[in-house]
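Under my numbering, think of the first position of the sequence shown as 1034, with each following residue one higher.
Note sheet for the following structure.
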Amino acid sequence: MDVTGPGMSRRRVMTGGAGALTAAALASTVAASPAIAAPEATPEWQKGSSANGWRVLTEAKTEEYLVEGSGLAVRLATGDPAVLLLHVARRYHYEIGSLRAGDLRGHTASRLVAQPFESNHLSGTAMAIREHAYPLGVSGGLYRTELVVIRDILSELGGTVAWGGDFTPPKESHFEIALAPTHPKTKNVARTIRGWNTEPGKGAGATDAFAPERRTRAATFAQRDPRARGLDVPSSP
């Protein structure tokens, strides 16, 4: 996993008289050092809308939706957001890895968010897939073949859904509705997905993300997306 962080140098204290003196000096230095400040508490989201502009919802205004083929349900905002995010979950389940209990998180009532984009769970317009495996601030958790599928999904949805792997800090488990509630593209793409859901041989479960024409389209889309990280755009096998 491509994770880096500040390193800490360590040095052994030699045994013997010199070692004892060194240890005593270190102990004195530690005792004289000022106390390290405790980390700040996770801030509470105070706004009536989430970061992507959608209204914060109570649980009563959301609905639990079954993810086809998985036997799992996820709570999302009704209407177009649910259509788009469920499409992501279905393709993830069929093409990346079978979803299991605890792998999905949608709407939440907790206003404690580590990053503003996590507030989108409050409006039911964000979904985390395998959050325990791909936490906030960690990148490089997906295999190259898995990235091909992710990029194909994003391209297929035409920018209506954004992926947390492209954010700073990253969160590779995070998917969210990227456009404001009034943006016509959200409704148009959701209408297309609804059509696929009623036609055999289309949509999730019937897509080959590795077909050359889809690889080219996904790579082109990612290169034009200002959020996309260039190193995460596999354009060839």
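Glycine included, C-beta positions come from ideal geometry on N, C-alpha and C.
Computed from a predicted structure; not experimentally measured.
Helix or strand or just coil, what does DSSP make of R1108? strand
What would DSSP say about A1065, mapped onto helix, strand or coil? Low confidence applies to A1065: its pLDDT is 46, below 50, so where it sits in the model is not reliable enough to give any reading.
Three-pair Cβ contact test at 8 Å for the region 1130-1142 versus the region 1150-1167: yes
Does the Cβ of D1095 have 16 or more other Cβ atoms within 10 Å, making it buried, or fewer, making it exposed? The question names Asp, but residue 1095 in the sequence shown is Thr. Buried.
The beta strand (DSSP E) that contains Y1176, what's its start and end? It is not in any beta strand (DSSP E) - Y1176 carries neither H nor E in the DSSP assignment.
What is the rounded straight-line gap between the Cα of S1206 and the Cα of V1146? 15 Å
Along the beta strand (DSSP E) that carries T1095, what are the first and last residues, could you check? 1095-1100
Return the CA-CA distance between G1086 and N1153, expressed in angstroms with no decimal places. 9 Å
Presumed contact (8 Å Cβ cut-off) between A1213 and T1193, rounded CB distance: With 8 Å as the limit, A1213 and T1193 do not qualify as a contact, their Cβ atoms being about 11 Å apart.
Kindly indicate if chain C contains any beta-carbon less than 9 Å away from that of G1135. Looking for chain C here will not work: only one protein chain is present.
CA-to-CA distance, V1107 to V1121, given in whole angstroms: 12 Å
Looking at C-alpha atoms only, which residue of V1181, Q1148, P1114 is the closest neighbour of P1076? Q1148
L1118 beta carbon less than 9 Å from that of L1105: no
Under a three-way DSSP split, which group does E1205 fall into? coil
Please classify R1248 as buried or exposed, where buried requires at least 16 neighbouring CB atoms within 10 angstroms. buried
For P1203, is the classification buried or exposed, using 16 other Cβ atoms within 10 angstroms of its Cβ as the cut-off for buried? buried
Pull up the CB-CB distance for M1160 and F1200, whole angstroms please, since I reckon it's below 8 Å. Not a contact, Cβ separation roughly 15 Å.
Distance, Cα to Cα, R1250 vs T1091? 38 Å
Do E1101 and A1237 have their C-beta atoms within less than 9 Å of each other? yes
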